[in-house]
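Student: Supplied in structure tokens, the structure appears directly below.
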Amino acid sequence: MIEVAKRLQKVEEYYFSKKLKEVAFLKSQGKPIINLGIGSPDLEPPFKASMMLQDSLMEPEAHQYQSYQGLPELRDAIASFYNKHFQVHLSGQTEVLPLMGSKEGIMHISMAFLNKGDKVLIPNPGYPTYAAVTKLLEAKPVMYDLKADRNWEPDFSALERLDLSRVKIMWINYPHMPTGANATNKFYDKVIAFGKRHDILIVNDNPYSFILNDKPNSIMRYRDAKDVCLELNSLSKTFNMAGWRVGMLVGKYDFVNAVLRVKSNMDSGMFFGIQKGAIEALKCSDIWFKSLNSVYQRRRALVYKLAQALNCTYDDEATGMFVWAKLPPHIKSEEFTDLVLKEHSLFITPGTVFGSNGEGYVRFSLCAEEDLIEEAIARV
Numbered sequence: 003m004i005e006v007a008k009r010l011q012k013v014e015e016y017y018f019s020k021k022l023k024e025v026a027f028l029k030s031q032g033k034p035i036i037n038l039g040i041g042s043p044d045l046e047p048p049f050k051a052s053m054m055l056q057d058s059l060m061e062p063e064a065h066q067y068q069s070y071q072g073l074p075e076l077r078d079a080i081a082s083f084y085n086k087h088f089q090v091h092l093s094g095q096t097e098v099l100p101l102m103g104s105k106e107g108i109m110h111i112s113m114a115f116l117n118k119g120d121k122v123l124i125p126n127p128g129y130p131t132y133a134a135v136t137k138l139l140e141a142k143p144v145m146y147d148l149k150a151d152r153n154w155e156p157d158f159s160a161l162e163r164l165d166l167s168r169v170k171i172m173w174i175n176y177p178h179m180p181t182g183a184n185a186t187n188k189f190y191d192k193v194i195a196f197g198k199r200h201d202i203l204i205v206n207d208n209p210y211s212f213i214l215n216d217k218p219n220s221i222m223r224y225r226d227a228k229d230v231c232l233e234l235n236s237l238s239k240t241f242n243m244a245g246w247r248v249g250m251l252v253g254k255y256d257f258v259n260a261v262l263r264v265k266s267n268m269d270s271g272m273f274f275g276i277q278k279g280a281i282e283a284l285k286c287s288d289i290w291f292k293s294l295n296s297v298y299q300r301r302r303a304l305v306y307k308l309a310q311a312l313n314c315t316y317d318d319e320a321t322g323m324f325v326w327a328k329l330p331p332h333i334k335s336e337e338f339t340d341l342v343l344k345e346h347s348l349f350i351t352p353g354t355v356f357g358s359n360g361e362g363y364v365r366f367s368l369c370a371e372e373d374l375i376e377e378a379i380a381r382v
């Protein structure tokens, strides 16, 4: 018998991969499922981006292998985007690496910096892929607590008491998914100092900055950030281009080049037309963001009503394309979401998907049309 690698024994199939099979089965049985569980943008990408993708198909080099580093003009467009929106100055030639979605960046960064037995600081609650990739590489996840009473920021006093001798990477994610919390200036200063003090690479996963957020931010704005930080970003949420798979990694040359050494052995470059479309998206004016957020504002107002109908509470200062809601006392997250799916044909995400500190919470996605959210309210 041919056995799978032992590393697969340490990770399970991604929750949404499993759950969507169940949802698909229920739909096949005639259940009118409303999906408010997945953060997959349902709105259109920028028109100019789609047109550029289409027009680029006739270019002589359109169907050839592309550079592992991406088109120079895409790297420059990313650098210009960071300069315009975050006031961060980057060299498009040495401090930017386009990615096929920021999710692949999590794997590539981990492969570039982790050895077997190294440790990784991972937020609880947080994006499950951080822990899954760490386990796949036979490194050890060390979960650090995020709690509502600290505005979902880590307790650095508690972190300092840990054995940090083999910690190589610390994952942070602000604006935070799933809670929608924004980090303070003080936090960024603290986490950079923490990374410098212990020689830990701080990686900020930053795909939600422009969704219902008045003050987009980047860790790269802060003093000494380039010494110990990398940042991932994505066009998926900001420009409704999730299926295009366009992300980016920014940071100092030494770090970015280490990741490139991994990436260049994993793929043969991003499709030319997608890169050209991404360049156009990155040029969008502020009107794009205002229009996008006006849609999400209306949807969020309705999701607030839905949450209230389910006796949940929420923080109306949170940002992003989700509503993180607290359940009434003594109710378990997965039991609650299974009940809502069974009784109301409504799929929402239990907070425990994101870690033990997600117990007692659920997450609603804003990636559904208003009439569907209104129907969900009516059902409840």
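The sequence shown begins at 3 in our numbering and counts up one residue at a time.
The beta carbon of each residue, even a glycine, is placed where N, CA and C say it ideally should be.
Computed from a predicted model, the values in this text were never measured in an experiment.
#1: With Val98 as the anchor, note down where its beta strand (DSSP E) starts and where it stops.
#2: Is the Cβ-Cβ distance between Ser266 and Tyr70 less than 9 angstroms?
#3: Ser367 and Phe391 - do their beta-carbons sit closer together than 9 angstroms?
#4: Using three-state DSSP, classify Lys285 as helix, strand or coil.
#5: For Asn359, name the three-state secondary structure that DSSP assigns.
#6: Which ranges would you report for the beta strand (DSSP E) in the region 126–186 if only whole runs of at least 3 residues count?
#7: What ranges does the beta strand (DSSP E) occupy inside the region 322–357, keeping only unbroken runs of at least 3 residues that lie completely in it?
#8: Specify the secondary structure class of Glu106 as computed by DSSP and reduced to three states.
#9: Could you compute how far the alpha carbon of Ser42 sits from the alpha carbon of Tyr190?
#10: Does the region 201–221 come close enough to the region 165–173 that 3 or more CB-CB pairs lie under 8 angstroms?
#11: Among Leu343, Gly362, Ala133, which one has its Cα closest to the Cα of Lys12?
#12: Beta carbon of Ser220, beta carbon of Phe88: below 9 angstroms?
#13: Assess contact between the region 287–300 and the region 135–147, defined as three or more Cβ pairs (one per stretch) separated by less than 8 angstroms. Is contact present?
#14: Three-state secondary structure (DSSP) at Met250?
#15: Just to confirm, are Pro177 and Asn215 a CB contact at a threshold of 9 angstroms?
#16: Start and end of the alpha helix (DSSP H) containing Glu233?
#17: In whole angstroms, what is the alpha-carbon distance linking Thr240 and Glu282?
#18: Can you have a look at Asp226 and say buried or exposed, based on whether 16 or more other CB atoms are within 10 angstroms of its CB?
#19: Ends of the alpha helix (DSSP H) at Val264?
#20: Taking only three categories from DSSP, how would you classify Ser52?
#21: Do you know whose CA, among Ile350, Phe49, Val364, Ile375, lies nearest Leu22's CA?
#22: Over what stretch of residues does the beta strand (DSSP E) that includes Ile202 continue unbroken?
#23: Which of helix, strand or coil does DSSP assign to Leu304?
#24: Can you check DSSP and say which residues form a bridge with Arg365?
#25: Thinking C-beta only, is Ile379 closer than 9 angstroms to Leu304?
#26: How many Å lie between Lys118 and His110 at the Cα?
#27: Does DSSP put Ile194 in a helix, a strand or coil?
#28: Do you know how far the Cα of Asp256 is from the Cα of Val193?
#29: Who are Leu294's beta bridge partners in DSSP?
#30: Hey, is the region 340–350 in contact with the region 30–42, meaning 3+ C-beta pairs nearer than 8 angstroms?
#31: For Leu123, which residues does DSSP report across the bridge?
#32: Got a sec? Which residues, its chain only, sit under 8 angstroms from Gly253 by beta carbon, not counting five neighbours each side?
#33: Tell me, to the nearest whole angstrom, how far the beta carbon of Val261 is from that of Leu251; I am working on the premise that it is less than 8 angstroms.
Tutor: A quick look at the data gives this:
#1: Looking at the DSSP string, the run of the beta strand (DSSP E) that includes Val98 is 98–101.
#2: At the C-beta level, Ser266 and Tyr70 come within 9 angstroms of one another.
#3: Because the chain spans 3 through 382 in this model, residue 391 falls outside it and cannot be assessed.
#4: If DSSP states are grouped into helix, strand and coil, Lys285 belongs with coil.
#5: Looking at Asn359 - three-state DSSP - the assignment turns out to be helix.
#6: Segments of the beta strand (DSSP E) lying fully in the region 126–186: 142–147, 169–174.
#7: Whole beta strand (DSSP E) segments, 3+ residues: 324–328.
#8: The three-state secondary structure of Glu106, taken from DSSP, is helix.
#9: Rounded to the nearest angstrom, the gap between the Cα atoms of Ser42 and Tyr190 is 28 angstroms.
#10: Counting Cβ pairs under 8 angstroms, three or more are found: they touch.
#11: Checking every option, the nearest Cα to that of Lys12 belongs to Ala133.
#12: Taking 9 angstroms as the Cβ cut-off, Ser220 and Phe88 qualify as a contacting pair.
#13: Short answer: they don't touch.
#14: Strand at Met250.
#15: In this structure, Asn215 lies closer than 9 angstroms to Pro177 by Cβ.
#16: From DSSP, Glu233 is part of no alpha helix (DSSP H) but of the beta strand (DSSP E) over 231–236.
#17: Between Thr240 and Glu282, the C-alpha separation is close to 13 angstroms.
#18: Exposed is the call here.
#19: Its alpha helix (DSSP H) spans residues 255–265.
#20: In the three-state reduction of the DSSP assignment, Ser52 falls in the helix class.
#21: Residue Ile350 is the option with its Cα nearest to Leu22.
#22: No beta strand (DSSP E) holds Ile202; DSSP gives it neither H nor E.
#23: Three-state result, Leu304: helix.
#24: According to DSSP, Arg365 bridges with Trp326, Thr351.
#25: In this structure, the beta-carbon distance from Leu304 to Ile379 falls below 9 angstroms.
#26: Distance between the alpha carbons of Lys118 and His110 is about 15 angstroms.
#27: For Ile194, the three-state secondary structure derived from DSSP is helix.
#28: Rounded to whole angstroms, Val193 to Asp256 spans 20 angstroms at the Cα level.
#29: As DSSP reads the structure, Leu294 sits in no beta bridge.
#30: Cβ pair count under 8 angstroms is three or more, so yes.
#31: According to DSSP, Leu123 bridges with Val144, Met172.
#32: Non-local beta-carbon contacts of Gly253 in its own chain, meaning distances under 8 angstroms to residues more than five positions away in sequence, involve Glu97, Met222, Lys228, Cys231, Leu232, Glu233 in chain order.
#33: For Val261 against Leu251, the beta-carbon gap comes to about 6 angstroms, under 8 angstroms, which counts as contact.
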